[in-house]
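**Q** Take a look at this one; I'll ask things after.
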Amino acid sequence: MKNILVIGSVGQIGSELTMELRNRYGNDHVVAGYRKTKPSQELAESGPLEIVDATDVDRIVEVVKKYKIDAIYNLAALLSGVAEKRPQAAWNVGVNGVYNVLEIAREFNCAVFFPSSIGAFGSSTPLDNTPQDTIQRPGTMYGVTKVAGELLSDYYYKRFGVDTRGVRYPGIISNLTLPGGGTTDYAVEIYYDAIKNGKFTCPLPKGTFLDMMYMPDALDAAIDLMEADPDKLKHRNCFNVTAMSFDPEIIFNSVKKYLPDFTMDYDVDAVKQGIAESWPNKMDDSAAREEWGWNPKWDLDAMTRDMLKVIKEKHAKGLI
Ligand code: SER
Numbered sequence: 002m003k004n005i006l007v008i009g010s011v012g013q014i015g016s017e018l019t020m021e022l023r024n025r026y027g028n029d030h031v032v033a034g035y036r037k038t039k040p041s042q043e044l045a046e047s048g049p050l051e052i053v054d055a056t057d058v059d060r061i062v063e064v065v066k067k068y069k070i071d072a073i074y075n076l077a078a079l080l081s082g083v084a085e086k087r088p089q090a091a092w093n094v095g096v097n098g099v100y101n102v103l104e105i106a107r108e109f110n111c112a113v114f115f116p117s118s119i120g121a122f123g124s125s126t127p128l129d130n131t132p133q134d135t136i137q138r139p140g141t142m143y144g145v146t147k148v149a150g151e152l153l154s155d156y157y158y159k160r161f162g163v164d165t166r167g168v169r170y171p172g173i174i175s176n177l178t179l180p181g182g183g184t185t186d187y188a189v190e191i192y193y194d195a196i197k198n199g200k201f202t203c204p205l206p207k208g209t210f211l212d213m214m215y216m217p218d219a220l221d222a223a224i225d226l227m228e229a230d231p232d233k234l235k236h237r238n239c240f241n242v243t244a245m246s247f248d249p250e251i252i253f254n255s256v257k258k259y260l261p262d263f264t265m266d267y268d269v270d271a272v273k274q275g276i277a278e279s280w281p282n283k284m285d286d287s288a289a290r291e292e293w294g295w296n297p298k299w300d301l302d303a304m305t306r307d308m309l310k311v312i313k314e315k316h317a318k319g320l321i
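The working numbering puts the first residue of the sequence shown at 2, with every later residue one more than the last.
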C-alpha cells in the first residue's frame, strides 16, 4: 500500500488532489502537508495533517519517516504573477524546495510527482501545437523554476533511479480553492464574477489563447501518470497535457450562453499580458496520450455548466 505525502495540500490543486488521493488510497495513507494557510475542516478531519515546508529539510524527513512515505506530490510553488513580485521567494520554494524533495526521495526511496506548467515555455518556443520536446527559454521566474524542476527531476531519475514523473499543467479551473496570483486565474474569476455581479473585467486582451483544463482532469493526470507502467514511459519530466484552448471572448460566450445578461469589458494588465503572450496557444499532448493514456473528459461547455452550477449553489448559501 502506498503512503503519500502531499506538500502544498491547501493550495488550488493540493486541496482537491489530497482528497482524491484519500478516496483512492485510503484516508490514513495520505498525509496533507501544509505551511501557513489554515486547512479546511474536511482536509483536517479526513486524514493525517502535518506542517511541512518544502524549504525545511528536517521537517520533511521527520514526516517521511513517521508515516513511511513512499510517494511525494510536491505542489508547493508561487504562481507566475506572484513570482514576478517575489522572485527570490519563488526560487527558494520552486528550486530549493524541489531539490530538497528529490534528495529526500533519493535517500528514502520515494516516488515524486512534479507539476510543471505551460510557464516552462517562452516566446522563442513554437506557440501553436507546442511540441513535447522543444525550446524552453521562459522569461519569467516562475518559468525558470519550472524548467529547473523538470531538469532536476530528470537528473534524479537518470543518475539515481528516483521514480520522478511530472506534467506541464495548463491553466487549471476549479471551484473549491481559488488560485492565487496566476496569469490564467481570469478563467476561474470569470465564473465567480458572472454569478456574483453579472459582469467581469478581463485582465488579458481578446485573442490571447491559452491551454486550460478543468480540475477533475488535472487530478486524473497526476494520479494516472504516477500509476502508469514505467516501461511505457519514454519521457518523465514533464509531459504536455491539455484539455482545451480558448481566448477571453470564447470563454465569455460560453458563460453568456447560460447567463444571457452577462457582460465583460477589458482592463488589460500589462505584466499578465506579457506573460500570457509568451506561453503556448495550444500544446501538443500526444506523448502523454501515447505513453500513459492521457485522455481528458471535460470540454469548455461541460466545464462551464458545472462551474456555474456549483458556484451558483455556493452563492445561494452565502458561502461566496
Ligand atoms: N496557472 C499558472 C499561472 O498562471 C500557470 O501554470 O501562473
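Glycine residues also receive a C-beta, built at the ideal position from the N, C-alpha and C atoms.
1. Hey, quick one: how far does the alpha helix (DSSP H) through residue 305 stretch, first residue to last?
2. Does the segment 208-223 come close enough to the segment 171-191 to have 3 or more Cβ pairs within less than 8 Å?
3. How close, in whole Å, do the beta carbons of residue 95 and residue 150 come, if the pair is a contact with beta carbons under 8 Å?
4. Can you list the alpha helix (DSSP H) stretches of 4 or more residues lying completely in the segment 171-246, in chain order?
5. Go ahead and label residue 271 buried or exposed: buried means 16 or more other beta carbons lie within 10 angstroms of its beta carbon, across all protein chains shown.
6. Residue 277 to residue 184, Cα distance in whole Å?
7. For residue 113 versus residue 32, is the C-beta distance shorter than 8 Å?
8. Kindly identify the DSSP beta-bridge partner or partners of residue 131.
9. Is residue 160 buried or exposed, if buried means 16 or more other CB atoms sit within 10 Å of its CB?
10. From residue 241 to residue 129, what does the alpha carbon distance come to, in whole angstroms?
11. What residues match up with residue 265 in a beta bridge as DSSP calls it?
12. Hey, is residue 249 close to the ligand PLP, as in C-beta under 7 Å from one of its heavy atoms?
13. If I measure Cβ to Cβ from residue 102 and keep anything under 8 Å in the same chain, skipping five residues before and after, which residues do I get?
14. Could one say the Cβ of residue 261 lies closer than 8 Å to chain B's Cβ atoms, at least one of them?
15. Please name the residue, chosen from 191, 139, 125, 100, that lies closest to residue 308 on a Cα-to-Cα basis.
16. Let me check you understand the geometry: is the CB of residue 170 closer than 7 Å to at least one non-hydrogen atom of the ligand SER?
17. Between which two residues does the beta strand (DSSP E) containing residue 22 stretch?
18. What does the alpha-carbon distance come out to for the pair residue 71 and residue 282?
19. Give every residue of the same chain whose Cβ lies closer than 8 Å to the Cβ of residue 300, excluding the five residues on either side of it in the sequence, and list them in chain order.
20. Anyone know if the C-beta pair for residue 170 and residue 237 falls short of 8 Å?
21. Entirely within the segment 44-132 and at least 4 residues each: give me those alpha helix (DSSP H) ranges in chain order.
22. Apart from the five residues on each side of it in sequence, which residues of its chain come closer than 8 Å, Cβ to Cβ, to residue 229?
**A** So, from the data block:
1. Membership of residue 305 in the alpha helix (DSSP H) is indicated by the continuous run 301-317.
2. Counting Cβ pairs under 8 Å, three or more are found: they touch.
3. Residue 95 to residue 150, Cβ: 7 Å. Contact.
4. Correct list: 187-198, 216-228.
5. Of the residues assessed, residue 271 falls on the exposed side of the cut-off, its CB having fewer than 16 other CB atoms within 10 angstroms.
6. C-alpha separation (whole angstroms): 7 Å.
7. Result no, Cβ atoms of residue 113 and residue 32 do not sit closer than 8 Å.
8. When DSSP reads this structure, residue 131 sits in a beta bridge with 284.
9. Exposed: under 16 other Cβ atoms inside 10 Å.
10. Between residue 241 and residue 129, the C-alpha separation is close to 13 Å.
11. Residue pairing by DSSP places residue 265 opposite 201 in a beta bridge.
12. This structure does not include the ligand PLP; its bound ligands are the ligand SER.
13. When the five nearest sequence neighbours on each side are left out, the beta carbons in the same chain lying within less than 8 Å of the beta carbon of residue 102 are those of 8, 55, 61, 73, 75, 113, in order along the chain.
14. The structure shown contains no chain B, having only a single protein chain.
15. The option with the nearest alpha carbon to residue 308 is 191.
16. Because some heavy atom of the ligand SER lies under 7 Å away, the Cβ of residue 170 counts as near it: yes.
17. Premise fails: residue 22 lies in the alpha helix (DSSP H), 13-26, not in any beta strand (DSSP E).
18. Near 36 Å, if we compare the C-alpha coordinates of residue 282 and residue 71.
19. Within the same chain, 244, 245 come within 8 Å of residue 300 by CB-CB distance, once the 5 residues on both sides are set aside.
20. For residue 170 and residue 237, no; Cβs fall outside 8 Å.
21. List check, alpha helix (DSSP H) in window: 58-67, 81-86, 88-92, 98-109.
22. Excluding positions up to five away in sequence, the list reads 166, 292, 293, 294.
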